[in-house]
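So the structure is just underneath, and the comments pick up after that.
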Amino acid sequence: MDAILQVENLTTSFLTSNGEVQAVRGVSFSVGKGEILGIVGESGSGKSVTSMSILRLLADTARIKDGSILFEGEDLTKVSKKKLREIRGNKISMIFQDPMSSLNPLIPVGKQVSEMIKIHHPKMGKEERKAQVMELFAKVRIPEPEKRYHSFPHEFSGGMRQRVMIAMALANKPELLIADEPTTALDVTIQDQILRQLRELDKEYGASIIFITHDLGVVAELCDRVLVMYGGLIMEEARIEDIFERPGHPYTMGLLHSIPDVEQEKSERLEPIPGSPPDMTNPPAGCPFAPRCSYARKVCAGSLPDFVEVGEGHRTRCFLQYEDAPADEHNPFRGGNR
Numbered sequence: 001m002d003a004i005l006q007v008e009n010l011t012t013s014f015l016t017s018n019g020e021v022q023a024v025r026g027v028s029f030s031v032g033k034g035e036i037l038g039i040v041g042e043s044g045s046g047k048s049v050t051s052m053s054i055l056r057l058l059a060d061t062a063r064i065k066d067g068s069i070l071f072e073g074e075d076l077t078k079v080s081k082k083k084l085r086e087i088r089g090n091k092i093s094m095i096f097q098d099p100m101s102s103l104n105p106l107i108p109v110g111k112q113v114s115e116m117i118k119i120h121h122p123k124m125g126k127e128e129r130k131a132q133v134m135e136l137f138a139k140v141r142i143p144e145p146e147k148r149y150h151s152f153p154h155e156f157s158g159g160m161r162q163r164v165m166i167a168m169a170l171a172n173k174p175e176l177l178i179a180d181e182p183t184t185a186l187d188v189t190i191q192d193q194i195l196r197q198l199r200e201l202d203k204e205y206g207a208s209i210i211f212i213t214h215d216l217g218v219v220a221e222l223c224d225r226v227l228v229m230y231g232g233l234i235m236e237e238a239r240i241e242d243i244f245e246r247p248g249h250p251y252t253m254g255l256l257h258s259i260p261d262v263e264q265e266k267s268e269r270l271e272p273i274p275g276s277p278p279d280m281t282n283p284p285a286g287c288p289f290a291p292r293c294s295y296a297r298k299v300c301a302g303s304l305p306d307f308v309e310v311g312e313g314h315r316t317r318c319f320l321q322y323e324d325a326p327a328d329e330h331n332p333f334r335g336g337n338r
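Every letter in the sequence shown is one number past the one before it in full-length UniProt numbering, and letter 38, counting from 1, is 38.
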């Protein structure tokens, strides 16, 4: 599959009064044309900062210290601000987590979507833009588009506001859509509708999607492939079926065990991952998950493991997957307990 986006050794930090927060530490991955890639991890894992780095939508205190972000042959870390404005909202669009903070409360939603079109198609007439907005509202299943065109954000439910954000992101038919936890604040019924709609729109438009979430259950509903992030690093990368059937990292196993199972007995409790994420002002020298890992060895705390290929298109960053790792009851991958 041809890659539309190629990220190599991306390193992003925040300069604060308490020191340098090393949010993303040498992340590399690609997104194929028409592919839906999930990025999953706990809060603070670096997944949102990775997505914000792609479009350079970072705070003034942030710095992309190393790496490249190649989109259609151009390195987005080096293009001018003018060129980047031409790409944002046009070739690459983003759906943010909280639509209420992203939409202007004083401007009707239809006009806001229309302005997105006008920025990149200034010669298009007002009525033509409005007709295009009506079409977009219909595609994302906003009822009574003509009436809703003149509505303000506070007059919409959370799910409908998110549909407006999707319409805005699709306004210029982007080649890459980045969705940063767009269903987090929605109830499960609306969440399911939004996920199915993104899948349908992906097929219709043929766009690639990066879907960011903390929930592997959501990823299973939508994505073709997934990156598992922790401590500013990619800990595992695989096709979605491999992640669920053959997880290759203890952190991934922990995330899977924390997903509710509708078939389990009510008396059974979810298995939380004990401990807390690492302090990224002073990240550990070894595997960042080692202090929380029940399978950790001495070597895990001292040095960072390289990626190990554990299957086709499946790589993981864990010493327990090394060929010389002992096969005993303490190794979930080689001791028969997997």
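For every residue, glycine included, the Cβ atom is placed at its ideal position computed from N, Cα and C.
Mind reading off the beta-carbon distance from residue i to residue j? Whole number of angstroms is fine, and I expect it under 8 Å.
i: Thr11; j: Asp66; result: 4 Å
i: Gln238; j: Gly313; result: The residue asked about is misnamed: residue 238 is Ala in this sequence, not Gln. Yes, they are in contact, since the Cβ atoms of Ala238 and Gly313 sit about 7 Å apart, within 8 Å.
i: Val188; j: Gly248; result: Contact flag wrong, Cβ pair sits at about 29 Å.
i: Gly217; j: Ile243; result: Actually they do not touch by this definition, with Cβ atoms about 12 Å apart.
i: Met134; j: Glu144; result: About 10 Å separates the two Cβ atoms, so there is no contact after all.
Tell me which same chain residues have a C-beta within less than 8 Å of the C-beta of residue i, skipping the five on either side of it?
i: Leu64; result: This sequence places Ile at residue 64; Leu is not what is there. Contacts found: Leu10, Thr11, Thr12, Ser53, Arg56, Leu58 and Thr77.
i: Pro278; result: Gly231, Pro284, Pro288 and Pro291
Check this for me: beta carbons of residue i and residue j, under 9 Å apart or not?
i: Ile39; j: Val226; result: yes
i: Phe289; j: Tyr230; result: yes
i: Leu15; j: Ile95; result: no
i: Ile166; j: Gln197; result: yes
i: Gly159; j: Ile209; result: no
i: Ile4; j: Glu72; result: yes
i: Gly32; j: Asp2; result: yes
i: Ile69; j: Phe211; result: no
i: Ile234; j: Phe29; result: yes
i: Thr281; j: Asn104; result: no
i: Phe319; j: Ala325; result: yes
Counting only the same chain and skipping the five closest in sequence on each side, list residues whose C-beta sits under 7 Å from that of residue i.
i: Lys129; result: Looking at the sequence shown, residue 129 is not Lys but Arg. Excluding positions up to five away in sequence, the list reads Ser114, Ile117 and Lys118.
i: Arg163; result: Val140, Arg141 and Ile142
i: Gly302; result: Ala285 and Gly286
i: Gly41; result: Lys47, His214, Val228, Met229 and Tyr230
i: Ala207; result: Pro174, Glu175, Leu176 and Leu177
i: Ala169; result: Ser93, Met94, Ile95 and Leu177
i: Ile273; result: Gly254, Ser258 and Arg292
Please check if any C-beta of chain B sits within less than 9 Å of the C-beta of residue i.
i: His154; result: The displayed structure is made up of one protein chain only, and chain B is not part of it.
Near residue i, which residues of its chain fall below 6 Å by C-beta distance, leaving aside the five closest residues on each side in sequence?
i: Ala179; result: Ile95 and Phe211
What ranges does the alpha helix (DSSP H) occupy inside the region 179 to 248, keeping only unbroken runs of at least 4 residues that lie completely in it?
188 to 205, 216 to 222 and 240 to 245, all fully within the region 179 to 248.
Quick test of the definition: if touching needs 3 or more C-beta pairs under 8 Å, does the region 161 to 176 touch the region 43 to 53?
Result no; under three Cβ-Cβ pairs closer than 8 Å.
Three-pair Cβ contact test at 8 Å for the region 289 to 301 versus the region 236 to 256
Touching, per the Cβ criterion.
Spell out a yes or no on whether the region 211 to 224 and the region 82 to 93 are touching, meaning 3 or more CB-CB pairs, one atom from each, closer than 8 Å.
Judged by Cβ distances under 8 Å, the region 211 to 224 makes no contact with the region 82 to 93, as fewer than three pairs qualify.
Segments of 3+ residues assigned as beta strand (DSSP E) that fall wholly inside the region 251 to 323:
Listed in chain order, the beta strand (DSSP E) runs fully inside the region 251 to 323 are 308 to 311 and 314 to 316, counting runs of at least 3 residues.
In chain order, each beta strand (DSSP E) run of at least 3 residues that lies wholly inside the region 24 to 102
Taking only runs of at least 3 residues, the beta strand (DSSP E) segments lying wholly in the region 24 to 102 are 36 to 40, 62 to 71 and 92 to 95.
Of all the alpha helix (DSSP H) runs that stay within the bounds of the region 125 to 160, which reach a length of 4 or more residues?
Listed in chain order, the complete alpha helix (DSSP H) runs (minimum 4 residues) inside the region 125 to 160 are 126 to 139 and 145 to 148.
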